[in-house]
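Numbering (the numbering used here), first residue to last: 1207 to 1338. Glycine is no exception: its CB is placed at the ideal position from the N, C-alpha and C atoms. Please read all numbers here as calculations on a predicted model, not as lab measurements.
This is the structure:
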């Protein structure tokens, strides 16, 4: 058995902050800004940072763990009656329930650690409830 310890600060030092992230930013634009560290129970383990916002996403096969390492971000979570937004700051974490649409927007920049179940569904419009 090989013990593979991951050095999160070391991995982050190889990356740059993705500036101006938009909901329609191509996946290729995240190269050099996020690093895959492995997997855990069917979830991809990633670290990285961005400024701006992403599209709506959901993960039907499990919970997503998001831990804020630095900076802050608004987390928008869609509920039946509409979205709610909460601020996540350095040191906070949230477990997104399976199948819940959510997205992030960071005005000043955020660095995070995430365990994201695969696959991920994306929605590029304003209201993912239209998707079902």
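Check                                                                                       : Outcome
C-alpha gap between residue 1281 and residue 1249, whole angstroms                          : 20 Å
7 Å Cβ shell around residue 1294 - same chain, five flanking residues per side excluded     : 1274, 1278, 1279, 1281 and 1300
8 Å Cβ cutoff met for residue 1271 and residue 1240                                         : no
Exposure of residue 1292, with buried meaning 16 or more beta-carbon neighbours within 10 Å : exposed
Beta-carbon proximity list for residue 1312, same chain, < 6 Å, skipping 5 on both sides    : 1257 and 1279
Where the beta strand (DSSP E) through residue 1298 begins and ends                         : Run containing residue 1298: none; DSSP gives neither H nor E here.
Spatial distance of residue 1286 from residue 1335 (CA atoms)                               : 8 Å
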